[in-house]
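Chains as they are written, first to last, in the numbering used here: chain A, 5 to 481; chain B, 468 to 986. What follows is one structure encoded as structure tokens, with my remarks underneath.
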């Protein structure tokens with residue numbers, strides 16, 4: 005084939021780099037598009053060559069991981085108290101969002117929520133006692149992610165909190181999440197006043213039994229199907245859960261009516277769900293968690309299986325590096341704020357809810373959610389562009405979750421840390437914003453691009469793991 | 468401080484829009500704080516906490532709109548509320564906007580159906596990676612970036628040839644494909660003369676001269692200077708000749724490069740022998756017998772190459788055309804004698820932005836003055852000890868790497884050349900300044916605006932200084948050659964139609980100075 009075939013084609017140029025070079029093409033009758041190129045993230049040179057050398061093994065592992073992730077089938081199968089179902093859960097253990105962190109380094113909202121949880125558990129009677137107890141070392145702290153759980157914002161889970169039980173029907177693994185408390189002064193944003201505790205008790209004593217019975221009467225609820233429908237109805241199931249909540253409501257309402265003997269409780273339960281557009285978030289998150297957890301522990305894989313923030317650190321985990329965390333500083337989101345609040349009030353990014361982005365939802369599916377595009381710059385085009393950008397770092401396109409506007413293209417799913425490093429594009433997350441002081445609550449909502457450091461570290465960390473696998477293989481043939 | 472409220476019942480707006488409005492209102496003059504919200508219980512609570520709650524909000528429900536402003540005075544508050552209303556009136560669904568910019572090659576390719584060429588100018592160490600991606604996407608590549616390893620260059624070109632794709636570069640500054648100038652290139656007429664060049668300004672000079680004299684260019688393919696070195700083996704240079712050989716719109720082929728390694732020279736000669744089209748070769752720094760034996764027209768400089776190609780194009784006798792050029796040169800010799808009369812000093816200093824033009828000037832000097840000093844000398848013995856310091860007859864390439872590390876090229880940034888013009892002018896032994904002005908895309912949009920202060924100052928310092936230059940470019944270029952020549956002439960600069968002519972004139976002036984011993 006001759007290189008001269010271009011002589012007989014109209015010239016269509018992709019200009020990568022100096023933008024000035026586009027002018028001669030457009031002035032002289034050619035078509036040109038500009039790539040606003042950015043350098044790849046800097047990583048260790050040895051790591052780069054290890055990853056390049058093992059490209060085939062990584063590709064094969066990633067293909068396997070994506071098959072597992074995409075074939076996951078999360079279903080809601082019941083409810084119980086955390087202590088009864090969450091592996092390793094006990095009275096003196098508090099679970100929190102994000103990677104591991106000590107009490108000393110915890111941010112305001114996380115501390116506030118822990119204070120609230122200790123009061124709720126009856127381990128302290130007031131805030132100052134609770135704070136002392138938390139700092140005393142008598143209470144253990146661990147990430148939700150270490151216990152098959154996820155929690156939005158502070159993500160605090162304590163022993164007597166009721167939790168949803170989600171099963172991955174394909175692989176048999178489980179994930180857990182507490183009930184969403186609604187907006188206003190709530191524990192997950194670090195509020196711990198009397199009304200917060202009171203609401204938690206009502207949820208435990210009234211809402212939980214009603215829901216538990218209703219779910220039991222239905223047997224199970226297919227969450228994957230609800231999420232897929234919600235995407236068609238304008239949710240991305242992270243920052244907008246209005247459709248998901250409505251679909252869940254439609255499913256659960258008849259069951260509540262038929263199994264609940266106390267009409268007043270039934271009405272209250274139904275009104276609670278109806279009044280909280282984010283109710284479904286606490287189902288979309290564990291649904292994502294249980295799909296991704298099934299893909300853990302696949303050597304060589306560079307796919308992210310968890311992306312989580314504790315309000316201080318932003319951490320990720322890879323399928324190929326077991327339970328290792330790769331962390332960097334959590335950033336403050338670009339946000340729109342509620343009246344009376346500014347960026348100065350905002351806490352750095354917090355919560356396990358980025359598990360939705362990890363599964364190709366949330367910010368990755370923002371093109372499906374025109375109602376909230378103003379968070380991302382005001383126009384539908386911006387939202388579409390963000391989703392298109394995420395295809396650049398995704399290993400696959402989802403087989404079930406689709407974007408109507410993109411002709412029902414599957415959402416970008418499975419973050420490949422190699423692609424993040426190569427393109428310099430980090431995952432895009434849309435999220436709620438907590439006040440940095442405990443007890444104040446949500447102050448806005450916005451978006452952010454994940455910090456680069458966890459991905460650089462994960463790239464290097466995976467290379468190290470691969471080298472140690474090889475060394476082991478040489479020592480033990 | 469006062470708090471003022473505005474209520475609109477049944478006017479629903481989504482919370483995100485309202486947060487945006489709040490943000491705007493907060494920036495209005497005299498506003499301390501504000502809340503633009505639907506009157507849900509939750510939002511009313513927020514207003515209470517923020518000190519923005521008024522009694523009149525009590526009975527409202529979530530379908531009612533509240534605008535509450537805390538401002539310095541009544542007037543500021545009223546203005547802020549009006550602003551909120553105006554913004555809310557203006558809120559409408561925004562249609563999808565134009566392309567908001569691509570972040571990667573693959574995005575761009577999916578947005579541009581029929582994409583067939585990538586122009587890559589990213590930092591060298593990333594450039595090969597982008598070029599491989601372009602080839603994988605079946606794009607031809609123009610690799611402007613330098614600092615790409617020779618191994619990567621070979622891999623890229625090998626892969627490209629397997630796929631039937633061009634890789635122009637690395638370090639390819641110019642090309643014209645399908646009439647469209649790329650990177651540093653001139654707007655030339657289209658025609659039937661095809662060019663293959665391993666030399667950037669060589670391509671610009673030849674294509675511009677051809678176009679200015681009524682000819683036209685079918686394609687001008689750059690290969691990057693290293694292509695014709697032994698390691699790369701002329702992979703693209705040879706392939707490009709083949710492509711032009713097969714191109715029905717090309718009837719004459721011009722080859723431009725520095726002398727290639729001997730085995731590549733053999734291969735080129737072989738390709739030329741088998742060609743059915745007339746081929747003109749200008750190998751700057753040599754006129755090897757093997758090329759002449761192959762049947763190509765071997766030119767001694769870029770201008771001559773252009774004239775031979777034009778003669779072949781118009782069916783004119785080549786020897787006749789060259790003798791006309793010879794006559795022109797005789798006239799230049801006479802002109803040189805005149806110019807020498809008014810000159811003082813005896814040295815020439817050449818200050819070039821085009822590397823190939825600098826080489827060509829040295830080549831012409833060699834016949835007339837012998838070797839001259841340079842930072843890129845033809846004869847290594849004449850390497851300047853210090854590139855910033857001229858010695859006797861000196862011709863420097865200010866676009867060479869040692870001058871451009873971390874700085875823009877002198878075709879874009881004139882500061883280095885302007886400094887040098889002034890320092891040469893202050894040297895009483897200097898009689899002639901010779902330089903180039905390269906036009907076209909990529910180069911500075913107003914070169915004379917850049918040069919004028921230095922030229923004026925140099926003239927003031929040294930009224931006898933002769934300034935001779937050529938302008939490489941066309942009237943179609945954004946800078947317009949005619950206009951540039953006019954302004955240079957106004958500044959008292961002697962402008963010649965080619966670098967060869969300017970060099971020839973300048974060196975003959977020097978010959979006359981030496982013969983009259985005007986020390």
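Beta carbons: idealized from backbone N, C-alpha and C, even for Gly. Note that the coordinates shown come from a computational prediction; the quantities given were computed from them, not determined experimentally.
Residue environment analysis places residue 129 of chain A among the exposed positions, since fewer than 16 neighbouring C-beta atoms fall within 10 angstroms of its C-beta. Residue burial is scored here from C-beta neighbours: residue 694 of chain B has at least 16 other C-beta atoms within 10 angstroms and is therefore classed as buried. Residues of chain A with a Cβ closer than 7 Å to the Cβ of residue 706 of chain B are, in chain order, 7. Under DSSP, residue 446 of chain A shares a beta bridge with A/438. Apart from sequence neighbours up to five positions away, the residues of its chain that approach residue 505 of chain B with a beta-carbon distance below 8 Å are 479, 480, 482, 485, 529, 530, 531, 532 and 533, ordered along the chain. Setting aside the 5 residues that flank it on each side, residue 859 of chain B is surrounded in the same chain by 814, 839 and 840, each with a C-beta closer than 8 Å to its C-beta; the list follows chain order. One Cα belongs to residue 462 of chain A, the other to residue 33 of chain A, and the distance between them is close to 46 Å. Secondary structure of residue 816 of chain B (DSSP, three-state): strand. Under a criterion of Cβ atoms nearer than 8 Å, the residues of chain B adjacent to residue 18 of chain A are, in order, 572, 575, 576, 579, 582, 584, 585, 586, 601 and 606. Using a Cβ distance threshold of 8 Å, residue 649 of chain B and residue 609 of chain B count as a contacting pair. By the Cβ rule, the region 27-46 of chain A does not count as touching the region 661-675 of chain B, because fewer than three pairs are nearer than 8 Å. Annotation: the continuous alpha helix (DSSP H) that includes residue 250 of chain A extends over 246-263. For residue 519 of chain B, the residues of chain A that pass the 8 Å Cβ criterion are 343 and 344, in the order they occur in the chain. Minimum Cα-Cα distance from residue 295 of chain A among the listed residues A/23, A/48 and A/71 corresponds to A/71. Where residue 275 of chain A is concerned, the enclosing alpha helix (DSSP H) starts and stops at 267-278. With contacts defined as CB atoms closer than 8 Å, residue 657 of chain B and residue 684 of chain B qualify as a contacting pair.
With a contact defined as Cβ atoms closer than 8 Å, residue 28 of chain A and residue 652 of chain B qualify at about 7 Å. The C-alpha of residue 902 of chain B lies about 41 Å from the C-alpha of residue 570 of chain B.
For the region 26-59 of chain A, the beta-carbon criterion of a distance under 9 Å to any beta-carbon of chain B is satisfied by 26, 27, 28, 29, 31, 32, 33, 34, 35, 36, 37, 38, 39, 40, 41, 42, 43 and 44. Within the region 455-467 of chain A, no residue has a Cβ lying closer than 8 Å to any Cβ of chain B. The Cβ atoms of residue 593 of chain B and residue 44 of chain A sit closer than 8 Å to each other.
In this structure, residue 291 of chain A keeps its C-beta atom at 8 Å or more from the C-beta atom of residue 156 of chain A. The beta-carbon distance between residue 158 of chain A and residue 192 of chain A, rounded to whole angstroms, is 5 Å. This is short enough to meet the 8 Å contact definition. DSSP, read as helix, strand or coil, puts residue 902 of chain B in strand. In this structure, A/15 is the residue among A/178, A/15, A/280 and A/310 with its C-alpha nearest to the C-alpha of residue 581 of chain B.
For residue 182 of chain A, no Cβ of chain B is located within less than 8 Å of the residue's own Cβ. Nearest CB-CB separation between residue 530 of chain B and chain A: not below the 8 Å threshold. When CB distances to chain B are screened at a threshold of 7 Å, the residues of the region 184-214 of chain A falling below it are 187 and 188, in chain order. For chain A, the residues of the region 642-675 of chain B that bring a beta carbon within less than 8 Å of one of its beta carbons are 644, 645, 646, 647, 648, 649, 650, 652 and 654, in chain order.
Taken in chain order, the whole alpha helix (DSSP H) runs of length 4 or more contained in the region 612-644 of chain B are 617-630.
Against chain B, the beta carbon of residue 340 of chain A has neighbours under 7 Å at 483, 486, 487 and 490, listed in chain order. DSSP links residue 535 of chain B through a beta bridge to B/472 and B/502.
Inside the region 268-345 of chain A, DSSP marks whole alpha helix (DSSP H) runs of 4 or more residues at positions 285-297, from first to last along the chain. Residue 631 of chain B belongs to the set of residues whose beta carbon lies under 8 Å from a beta carbon in chain A. Per the coordinates, the alpha-carbon of residue 447 of chain A lies some 12 Å from the alpha-carbon of residue 353 of chain A. Runs of the alpha helix (DSSP H) spanning 4 or more residues and lying entirely within the region 739-792 of chain B occur at 756-760 and 769-781, in chain order.
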